[in-house]
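Residue 1 is where the sequence shown starts when you use the UniProt record's numbering, and the numbers rise one by one after that.
All C-beta atoms, glycine included, are put in the ideal place defined by N, C-alpha and C.
Report on the following structure.
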Amino acid sequence: MLDTYVDGKRVRFTNVYAPVTRADTNSFFKELHASLAEPLPHVILGDFNCVVDSMRDIRGPGRGGSTYHAKELVKILRHLRLTDAWVHLHDDTFGATRGLPLTGSEGLRVLAYADDVSLFVRNPSSLERFRHIFRSYAEVSGAQLNEAKSKALLFGAFPADAIGNISIVTTVKVLGVFYTCEGVAAPTWTRVLERAQRFTERASQLDLTLHEKALAAKTSVCALALHVSRVAVMPAKAATQLNRIITSFMWNGKPPLLRRSLLQMAVSEGGLGLPHALTLSKILALKTARSLFQASDYLGRGLLLYWSGASNNWLGASRQPVPLAETPSQFYKGASAAMRMLSKEAPGCDVDADPPARIAEVLNRAQLDEEEKAQAKNAKRAMPTYIQGLPRETHDFLWKKAWNVLPTRQRLHKLGIVPNARCPNCREIETQRHALLDCTAAKPVWRIVARCFGIRPPPYHKRNKSAFARLVTACTLLAIWKRRSLAEARRSPVRATFPVVAIIRLLVWTYLSEELEASGEEKFLRRWHTKFFFLRAGKLVSPITPY
């Protein structure tokens, strides 16, 4: 046992296995490691109002306010690489918790509170045995089973009088999912759609780029849906509605600019990595079933094999002389269909090792037609690899430019929105290249910007390789497009050059100022050192005389 103090708060370590192998571990942690006793997979920490699992940072139960000194606690856990944690408050007023591994869950760990236990019993004798064991545990720990708050869901012919004073219910909640005797409760998918709709309504009020919206869709909009998909295949109707919610969120209720198959491509290939709800649901069902079957300690392995039916080779199981269901459940049907689809269209995927999102992207790539593959290849070639190092205002613009979906007059004329395809500044046919590079309103801007910032003008603008030159190029493209849009809105030419250059300087200056504030002088100058500005007293100074 070892008592130490962190910022004046007592921390008690008891029998902790904590190997110190980090090179940057300071003397405090080395001395702490040398003082620890024999290894046991838990640690007791006093005076911290939080719960921490060493596999992930989990905020506490909220007693007495927010998490207290969580950063110091997490720092200790990370340096010592603790395998598990038990945390309690003063005088043991908060029941200790412990991370428990889930069978076949790929290392996932959850916290089970002492007063929140899910128990599965086969018959009344098993229930009586549990009560006998728990009474022995209660004599040691002081914990008591509160039958008044307990709930029971009865299956089959389990006698109701055997459970005593425990109330009988028709629905129970396990890890956020409601179950009935038939399986996942029917209103679950309604809750999934309602939660997704509420999140998109809140997120729509934020100024998000397309990539940020796609990330929100994958991590928050589809979070509950994909969680439930581990135990139930999503109905086709619910998947269609979820896809519609995502599409409306991505494009603010307007028609999408690209086919969904192109938007589902990986970000590294020019897409947004949008999830396809039904495909991901089946892949998750497949991975869950296979991981449970391969887990040697899974008690329901025989039942899983029975409900998978006679055609269970997708589990990797050999044929066995045991009873099998004539009609597999919908969950295993969906998993089997996903395995057949993978074997046909993505044979190179490792179902057990590859993440579900990567498997879905490989499937989507295999289902593209030749026209879509050519379009994706051109977009990937035109997509700037440095987009993350540019102002947020340019991200969506450069992505649309790479896919050639900017609303030029030529594109709008093909869609029947405008009567002709003439440029609002020079009356030529307005293609995307014409609007940004060849128009009489764009060429003078490129000449002045090239002279002021030392970049290569078109047609050699793609040779600008330095970070500063690429920043100026991206800001110039955006500024030219904004002035073109102004001419379209006014229905009259807007050819003034120096206001465009002023917009470019403002974009560049604002972004560089933010970078300087975020990274500091030393790191900033390593990336942005150029003759077109310098630092004085920690602030940007331009040698160019402003207009």
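Around the C-beta of residue i, are 16 or more other C-beta atoms found within 10 angstroms, so that it is buried, or is it exposed?
i, result
"Asp3", "Confidence in Asp3 is poor, its pLDDT being 49 and thus under 50, which makes the residue's placement unreliable; the coordinate value appears in the next sentence. Label assigned to Asp3: exposed."
"Leu36", "For Leu36, the predicted structure reports a pLDDT of 44, less than 50, and the residue's modelled location is therefore unreliable. A value from the coordinates is still provided. That one is buried."
"Leu262", "buried"
"Arg490", "exposed"
"Ile480", "buried"
"Lys173", "exposed"
"Gly156", "exposed"
"Val192", "buried"
"Asn420", "exposed"
"Ile168", "exposed"
"Gly273", "buried"
"Asn464", "buried"
"Ala537", "exposed"
Roughly how many whole angstroms lie between the Cα atoms of residue i and residue j?
i, j, result
"Arg244", "Ser204", "15 Å"
"Leu242", "Pro275", "10 Å"
"Ala148", "Asn165", "7 Å"
"Phe498", "Val445", "8 Å"
"Ser513", "Lys539", "8 Å"
"Ala285", "Thr170", "25 Å"
"Leu507", "Asp396", "15 Å"
"His142", "Arg131", "Note on identity: in this sequence residue 142 is Gly, with His being the wrong assignment. Distance between the alpha carbons of Gly142 and Arg131: 15 Å."
"Phe134", "Ala160", "21 Å"
"Ile387", "Arg456", "19 Å"
"Leu40", "Glu361", "Unreliable placement is indicated for Leu40, whose pLDDT of 30 sits below 50; the coordinate value is still reported in the next sentence. Cα-Cα distance, rounded: 42 Å."
"Ala317", "Pro347", "19 Å"
"Ala295", "Asp352", "12 Å"
"Arg290", "Asp350", "12 Å"
"Arg98", "Ser343", "With a pLDDT of only 39 at Arg98, under 50, the local geometry of the prediction cannot be trusted, and the value read off the model is given with reservation. Approximately 40 Å, taken between the alpha carbons."
"Ile283", "Arg340", "11 Å"
"Trp307", "Ser329", "6 Å"
"Glu212", "Trp314", "36 Å"
"Val541", "Trp528", "13 Å"
"Tyr460", "Asp438", "13 Å"
"Arg365", "Gln264", "9 Å"
"Val418", "His434", "18 Å"
"Arg484", "Asn425", "7 Å"
"Glu393", "Lys400", "12 Å"
"Glu269", "Leu145", "55 Å"
"Phe524", "Ser466", "14 Å"
"Leu471", "Leu299", "59 Å"
"Asp92", "Arg122", "Note that Asp92 has pLDDT 33, beneath the 50 cutoff, so the model's placement of it is unreliable and no number is given."
"His413", "Leu175", "53 Å"
"Phe532", "Thr431", "33 Å"
Could you tell me the boundaries of the beta strand (DSSP E) in which residue i lies?
i, result
"Thr247", "Unbroken run through Thr247 is the alpha helix (DSSP H), 236-251; no beta strand (DSSP E)."
"Tyr179", "177-180"
"Val172", "172-174"
Check the DSSP bridge columns for residue i and list the partner residues they point to.
i, result
"Lys539", "Arg536"
"Ser167", "Lys151"
"Gly183", "Thr180"
"residue 548", "There is no way to answer for residue 548, as the model of the chain reaches only from 1 to 547."
Of all the options the options, which has the alpha carbon lying nearest to the alpha carbon of residue i?
i, options, result
"Leu390", "Leu477, Ile448, Met234", "Leu477"
"Glu194", "Gly302, Ala238, Leu415, Leu278", "Ala238"
"Pro226", "Cys181, Lys287, Ser248, Lys173", "In the sequence under discussion, the amino acid at residue 226 is Leu, which differs from the Pro named in the question. Of the candidates Cys181, Lys287, Ser248, Lys173, the one whose C-alpha sits nearest the C-alpha of Leu226 is Lys287."
"Arg409", "Arg427, Trp251, Leu398, Trp403", "Arg427"
"residue 548", "Cys222, Arg191, Ser268", "In this structure the chain extends from 1 to 547, so residue 548 is not present and cannot be described."
"Pro493", "Pro407, Thr200, Lys482", "Lys482"
"Leu278", "Pro356, Leu145, His461", "Pro356"
"Ile448", "Trp251, Glu370, Ala496", "Ala496"
"Val500", "Thr473, Tyr298, Phe524", "Thr473"
"Leu398", "Asp369, Gly271, Thr219, Ser125", "Gly271"
"Ala236", "Leu153, Ala518, Trp189, Pro543", "Trp189"
"Ala374", "Pro384, Trp403, Arg358, Pro323", "Trp403"
"Val184", "Ala196, Val231, Leu516, Glu371", "Val231"
"Phe120", "Val140, Ser336, Ile163", "Ile163"
"Ala266", "Lys380, Glu345, Asn252", "Lys380"
In the DSSP assignment, find the unbroken alpha helix (DSSP H) run with residue i in it and report its ends.
i, result
"His276", "Careful: His276 lies outside any alpha helix (DSSP H) and carries neither H nor E."
"Asp396", "392-402"
"Asn123", "No alpha helix (DSSP H) holds Asn123; DSSP gives it neither H nor E."
"Cys475", "467-490"
"Ala337", "330-345"
"Phe158", "Element bounds for Phe158: n/a, residue is neither H nor E."
"Arg495", "Careful: Arg495 lies outside any alpha helix (DSSP H) and carries neither H nor E."
"Ile359", "356-366"
"Ser261", "260-263"
"Glu521", "521-528"
"Arg223", "Correcting the residue type first, residue 223 is Ala in the shown sequence and not Arg. First-last of the alpha helix (DSSP H) with Ala223: 223-228."
"Tyr306", "301-307"
Is residue i near the ligand COA, judged by its Cβ being under 8 Å from some heavy atom?
i, result
"Leu262", "As far as ligands go, the structure on display features none, and thus does not contain the ligand COA."
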